[in-house]
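Quick note on our numbering: the sequence shown kicks off at 63 and runs consecutively.
C-beta atoms are modelled at their ideal positions from N, C-alpha and C, and glycine is treated no differently.
Please read these numbers as outputs of a predicted model, since none were measured by experiment.
Input: a single structure, listed below in structure tokens.
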Amino acid sequence: MRDLIRKAETTHKLEKEELVLLLKDNAYQEELFKAADRVRHQYVGDAIYLRGLIEFSNICKNNCCYCGLRRDNRKLNRYRLSLQDIVDVAQKGKALGLKTIVLQSGEDLFFSKDKLVEIIKAIKSLGLALTLSIGEKSKDEYLAYKSAGADRFLLRIETTDKSLYQKLDPGMDWNERKICLDNIKAAGLEVGSGCLVGLPEQTVSSLADDILFFKQIDADMIGIGPFIPHADTPLAKCSAGSFDLSLKVMALTRLLLPDINIPATTAMETLEKDGQIKALQSGANVLMPNITPDIYRKFYQLYPGKSDTNCASNTLLTDFESKFKKIGRVVSSDYGSSLHFKHKNLNKDINNFD
Ligand code: SAH
Ligand code: SF4
């Protein structure tokens with residue numbers, strides 16, 4: 063196991079079988095986490111990027127079996143923020159010292175291409191970086207978001223096990239989702255993806271495929287979180303994913319994709335106290351404090367018990383600064399674009415120059 067960890071740390075390459083061995087092993091996992099922490103330090107440094115998350119609509123046309131926002135969940139009060147509210151919340155995020163806003167929602171058709179372009183332009187005029195996490199769109203829409211000023215797009219593949227995906231995401235198509243990721247990249251946006259860990263019937267072998275998939279699509283950011291069952295979904299009775307396994311998938315992702323951005327996800331904190339600190343010490347370098355207005359936050363129920371340790375307060379920045387100081391880290395005052403994205407574009411420019 064030690065040899066495999068060393069190989070991953072020095073070459074950033076592992077075969078599928080090697081990934082499976084490391085994912086199955088529990089005896090050496092602390093060494094794996096430490097190696098991921100060293101690679102994080104070496105490639106992306108000790109600064110942590112904060113992103114202000116605005117959950118602007120919990121209305122969704124899709125029916126993903128794991129998600130509390132699925133359209134068949136009639137028990138949920140639905141909301142959507144007005145265009146002006148969204149921009150006001152972004153402004154508040156800026157006043158708190160945040161440099162990036164992440165706009166996330168269900169797939170809500172009310173937010174047409176034109177409406178989103180208007181919102182993107184308004185947020186960009188505040189001098190903030192902008193990430194979108196709003197689901198599957200057409201190539202033309204991704205291009206329009208980019209032209210309006212959006213910088214990044216998050217779309218988790220959820221699982222690379224196609225037959226599991228077809229079962230858990232009825233009416234959706236894995237190949238379509240992959241095409242969306244290609245189109246996000248072609249539009250010139252930073253590409254974020256990721257997976258759920260611990261879905262029913264998901265195997266360790268398919269998690270190894272997920273990690274290789276992230277490398278194959280040349281991702282700039284990867285978010286990994288344990289599956290947490292929601293009572294008002296078809297997966298209510300399934301057990302939650304394991305925190306340790308999620309952390310192993312994340313640490314291996316850092317080892318194989320050394321210069322990308324990796325968030326310590328809220329689902330990790332929800333499953334385990336100080337889960338995000340542990341994640342930040344095992345490869346992660348990003349945190350996404352929630353700045354959604356209080357009155358709506360409780361209705362954005364992807365899964366139950368969503369941790370609110372990261373919710374906005376007036377002292378957000380100083381709170382994080384003192385929390386991170388204890389683990390030898392600092393809050394970045396930079397926009398925090400993916401270094402991987404910057405490296406790729408630099409290489410492209412050099413090749414064009416040739
Ligand atoms: N609608 C958009 C963005 C919102 S959902 C989309 O689907 O891309 C954001 C993420 O929440 C999903 O990608 C999924 O990985 C995660 N999620 C949904 N239900 C979850 C659950 N029960 N446990 C953990 N994460 C969940
Ligand atoms: Fe909708 Fe996203 Fe939830 Fe699927 S995961 S139901 S697309 S909000």
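Nearest neighbour of L269 by Cα position, chosen from L192, L349, V311, Q91, turns out to be V311.
Linking E71 to E93 through their CA atoms gives a straight-line distance of about 11 Å. Contact annotation, L342 with F95: C-beta distance approximately 11 Å; criterion of less than 8 Å not satisfied.
In this structure, DSSP gives R68 a helical state, which the three-state scheme calls helix. A check of alpha carbon separations from A281 across V348, D176, L318, Q264 identifies L318 as the nearest. I412 counts as exposed, since fewer than 16 other beta carbons sit within 10 angstroms of its beta carbon. Shown here, T328 sits in a helix according to DSSP, grouped into three states.
DSSP lists no bridge partner for G250.
Look at the beta carbons and you see the stretch 195-207 touching the stretch 241-251: at least three pairs across the two are nearer than 8 Å.
One alpha carbon belongs to D150, the other to K360, and they sit about 20 Å apart.
Excluding five sequence positions before and after E117, the CB atoms of its chain that fall closer than 6 Å to its own CB belong to Q166, T354, Y362, given in chain order.
Per DSSP, reduced to three states, the secondary structure at C300 is coil, with no helix or strand assignment.
Rounded to the nearest whole angstrom, the C-alpha separation of D134 and T327 is 26 Å. Under the three-state reduction of DSSP, L81 is assigned to helix. Per the coordinates, the alpha-carbon of C300 lies some 13 Å from the alpha-carbon of P288. Annotation: the stretch 86-142 contains the following complete segments of the beta strand (DSSP E) (minimum length 3 residues), in chain order: 109-119.
With a cutoff of 6 Å, L258 does not count as near ligand 2, since its C-beta is closer than that to no heavy atom of the ligand. Under the 8 Å Cβ criterion, the stretch 126-141 does not count as touching the stretch 182-191, having fewer than three qualifying pairs. In the same chain as S400, and ignoring 5 residues on each side of it, the C-beta atoms closer than 7 Å to its own belong to E252, D282, M283, I322, N323, in chain order. Residue pairing by DSSP places I284 opposite S255 in a beta bridge.
For G114, the Cβ stays outside the 6 Å cut-off from all heavy atoms of ligand 1. For the stretch 171-251, the continuous beta strand (DSSP E) assignments of 3+ residues that do not extend past its boundaries occur at 191-195, 214-216, in sequence order.
Judged by the Cβ position, R132 qualifies as a neighbour of ligand 2 at the 6 Å threshold, a heavy atom of the ligand being closer than this.
Secondary structure note for L165: it is in no alpha helix (DSSP H), and the uninterrupted beta strand (DSSP E) holding it is 162-167. Just so you know, the alpha carbons of K154 and I163 end up roughly 11 Å apart.
DSSP places S384 in the uninterrupted alpha helix (DSSP H) bounded by 378-387. Judged by the Cβ position, C129 qualifies as a neighbour of ligand 1 at the 6 Å threshold, a heavy atom of the ligand being closer than this. Under the DSSP definition of a beta bridge, N323 partners with M283. With respect to the C-alpha of S394, the residue from T371, C373, G367, M350 having the closest C-alpha is M350. In the DSSP assignment, the residues bridged to V348 are Y111, P325. Counting C-beta pairs closer than 8 Å gives fewer than three between the stretch 328-341 and the stretch 100-108, which falls short of the contact rule. DSSP places D272 in the uninterrupted alpha helix (DSSP H) bounded by 266-278.
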